[in-house]
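**Q** Okay, here's the structure, questions in a sec.
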Amino acid sequence: MMLAVHHDLRPIVDLLFQMLPIDRAVDDLLRLTCRCTINLCIANREKALDLRDLDRFPVPGLGVCCPDESNPFLLHCNVLINDGPYRDIMIHLVLHIPEDYPLTGPAGNIAPGLEFDSTYHSHIHFDGRNGHALCTDLLTNYASHFRSIDNGNAKQASGWSPGYTLSTALLQIVTFFAEPDLRHDPLPESIIRLRNMVKTFQFQEEAKSTEIDDEKLKAERKHAQRQRELLEKLTCGVTKQNVIE
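Residue 372 is where the sequence shown starts when you use the working numbering, and the numbers rise one by one after that.
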């Protein structure tokens with residue numbers, strides 16, 4: 372009998388066959404495999420629904436794609452910062468979706484090769500393998516740190532809930548980049564250096580420019596800004612009501 376077993380389960384599989392009779396070990400392994408398959412199906416379904424919602428109701432300044440269909444738990448994101456000292460700078464991210472999503476939230480890293488580090492944001496920490504890691508309670512990069520803050524009451528990240536979606540995480544990431552929380556405001560030459568670095572950056576895994584995505588996201592944000600301005604003009608100053616909503 373051939374069973375497809377996730378690589379993380381290999382130690383458990385070996386232990387089962389060492390401790391139990393062959394028939395009992397196979398039965399337990401089948402149950403374990405089915406349970407993991409169900410978890411993966413749920414995670415895939417929830418992620419697909421989130422991506423479909425993002426496609427139907429795009430968030431201005433955000434672009435998300437799955438570059439490798441064989442790995443649906445790895446997403447590439449473009450985030451156009453909409454406020455703060457880095458306004459109009461696009462940051463490229465990689466989101467890692469866990470296999471028990473949405474019970475556990477995603478982890479987020481700066482795209483490998485893009486040196487947006489603690490020089491530019493005090494809550495980004497060095498990770499030479501996966502790309503510099505974002506330290507925010509909605510993501511799971513530093514789950515143990517936030518668990519200690521919450522006295523162990525949070526499953527992974529203190530701000531994450533299974534009711535949240537990828538849009539929730541991405542919107543918080545936009546806010547995260549708008550406030551770098553540095554001891555001193557970044558110098559103009561530092562911002563220029565970052566802008567030039569991002570402009571010439573290419574995803575290492577895709578090796579393609581992001582200029583088209585950059586222009587598309589800027590156009591989307593400009594359109595959203597015009598909609599907000601129009602809505603303000605159509606809103607009554609007394610009742611705060613308008614003819615659209």
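Note that beta-carbon positions come from the ideal geometry of N, C-alpha and C, so glycine has one too.
(1) If I follow the unbroken alpha helix (DSSP H) through N567, where does it start and stop?
(2) Distance check for R564 and L464, CA to CA, integer angstroms please.
(3) Ends of the beta strand (DSSP E) at A478?
(4) Given the structure, does F547 come close to the ligand COA, in the sense that its CB is under 7 Å from one of the ligand's heavy atoms?
(5) Could you have a look at L422 and say whether DSSP puts it in helix, strand or coil?
(6) Candidates P551, N567, H555 and L558: which alpha carbon is nearest N453's?
(7) How is the alpha helix (DSSP H) around L464 delimited, first residue to last?
(8) Give the DSSP bridge partners of H447, in chain order.
(9) In whole angstroms, give me the CA-to-CA distance for T571 and L485.
(10) Quick one: using the 10 Å Cβ neighbour count with 16 as the cut-off for buried, is S580 buried or exposed?
(11) Answer with buried or exposed for L558, where buried requires no fewer than 16 other C-beta atoms within 10 angstroms of its C-beta.
(12) On the DSSP letters alone, give me the boundaries of the alpha helix (DSSP H) that I544 sits inside.
(13) Using only the alpha-carbon positions, how far apart do D459 and H492 sit?
(14) What residues in its chain sit with their C-beta under 7 Å from that of H503, if we drop five residues either side in the sequence?
(15) Between the C-alpha atoms of E440 and H555, what's the straight-line distance to the nearest angstrom?
(16) Starting from H496, follow its DSSP beta bridges and name the residues at the other end.
(17) Can you tell which of V569, G530 and G455 has the C-alpha that lies nearest to the C-alpha of F548?
(18) Is G534 closer than 8 Å to G509 when the C-beta atoms are compared?
(19) Given this structure, state the Cα-to-Cα distance separating H467 from F444, to the nearest angstrom.
(20) For R458, name the three-state secondary structure that DSSP assigns.
(21) Using three-state DSSP, classify R427 as helix, strand or coil.
(22) Mind checking D398: buried by the 16 CB within 10 Å criterion, or exposed?
(23) What separation, rounded to the nearest whole angstrom, lies between the Cα atoms of V430 and I562?
(24) Measure the alpha-carbon distance for L505 versus F428 and round it to whole angstroms.
(25) Out of Y472, A478 and E470, state which residue places its alpha-carbon closest to the alpha-carbon of H447.
(26) Name the residue from T511, Q573, G434 and V545 whose alpha carbon lies nearest to the alpha carbon of Y472.
**A** Per the coordinate set shown:
(1) The sequence position of residue 567 within the sequence shown is 196, counting from 1. Going by DSSP, N567 is part of the alpha helix (DSSP H) stretching over P559 to T571.
(2) In the sequence shown, the residue the question calls residue 464 occupies position 93. In the sequence shown, the residue the question calls residue 564 occupies position 193. Computed Cα separation, rounded: 19 Å.
(3) Residue numbering aside, residue 478 sits at position 107 when the sequence shown is read from its first letter. Unbroken beta strand (DSSP E) run through A478: A478 to I481.
(4) This structure simply doesn't include the ligand COA, nor any ligand for that matter.
(5) Within the sequence shown, numbered from 1, the residue matching residue 422 stands at position 51. DSSP places L422 in helix when its eight states are reduced to three.
(6) As a position in the sequence shown, residue 453 is number 82, starting the count at 1. Selected option, being the one with the closest Cα: P551.
(7) Numbered from its first residue, the sequence shown carries residue 464 at position 93. From DSSP, L464 is part of no alpha helix (DSSP H) but of the beta strand (DSSP E) over M461 to H467.
(8) Position 76 of the sequence shown, counting from 1, holds the residue named residue 447. H447 pairs with C436 and V465.
(9) Position 200 of the sequence shown, counted from the first residue, corresponds to residue 571. Position 114 of the sequence shown, counted from the first residue, corresponds to residue 485. Cα to Cα, T571 sits roughly 10 Å from L485.
(10) Counting from 1 along the sequence shown, the entry for residue 580 is found at position 209. Confidence in S580 is poor, its pLDDT being 37 and thus under 50, which makes the residue's placement unreliable; the coordinate value appears in the next sentence. A residue is called buried when at least 16 other Cβ atoms come within 10 angstroms of its Cβ; S580 does not meet this threshold and is exposed.
(11) Indexing the sequence shown from 1 puts residue 558 at position 187. That one is exposed.
(12) Taking the sequence shown and counting its residues from 1, the one referred to as residue 544 is at position 173. Counting along the chain, the alpha helix (DSSP H) containing I544 begins and ends at L537 to A549.
(13) Within the sequence shown, numbered from 1, the residue matching residue 459 stands at position 88. Within the sequence shown, numbered from 1, the residue matching residue 492 stands at position 121. The straight-line gap from Cα to Cα measures roughly 16 Å.
(14) Along the sequence shown, one-based indexing puts residue 503 at 132. Around H503: N480, I481, F487, D488, I495, H496 and F497.
(15) Locating residue 440 in the sequence shown gives position 69, where the first residue counts as 1. Locating residue 555 in the sequence shown gives position 184, where the first residue counts as 1. If I take the Cα positions, the gap works out to 42 Å.
(16) Working through the sequence shown from its first residue, we reach residue 496 at position 125. For H496, which the question treats as bridged, DSSP gives the partners A504.
(17) Counting from one through the sequence shown, the residue named residue 548 turns up at place 177. If we check each option's Cα against that of F548, G455 comes out closest.
(18) For the purposes of this step, residue 509 is identified with residue 138 of the sequence shown, where counting begins at 1. For the purposes of this step, residue 534 is identified with residue 163 of the sequence shown, where counting begins at 1. The identity of residue 509 in the sequence shown is Leu, whereas the question assumes Gly. No. Outside cutoff.
(19) The residue given as residue 467 occupies position 96 in the sequence shown. The residue given as residue 444 occupies position 73 in the sequence shown. H467 and F444 have their C-alpha atoms roughly 6 Å apart.
(20) If you number the sequence shown from 1, residue 458 lands on position 87. Residue state, collapsed to three classes: coil.
(21) Taking the sequence shown and counting its residues from 1, one reaches residue 427 at position 56. Helix, per DSSP.
(22) To locate residue 398, count along the sequence shown from 1; it is residue 27. Residue confidence is low: D398 scores 48 on pLDDT, short of 50, so the model does not pin down where it sits. No coordinate-derived value is stated.
(23) Here residue 430 is taken as the residue at index 59 of the sequence shown, counted from 1. Here residue 562 is taken as the residue at index 191 of the sequence shown, counted from 1. Those two C-alpha atoms are separated by around 25 Å.
(24) Taking the first residue of the sequence shown as position 1, residue 505 is located at position 134. Taking the first residue of the sequence shown as position 1, residue 428 is located at position 57. Cα to Cα, L505 sits roughly 25 Å from F428.
(25) In the sequence shown, residue 447 corresponds to position 76, counting from 1. Checking every option, the nearest Cα to that of H447 belongs to A478.
(26) Sequence index remark: in the sequence shown, residue 472 carries index 101 (1-based). The shortest CA-to-CA distance from Y472 to any of T511, Q573, G434 and V545 is the one to T511.
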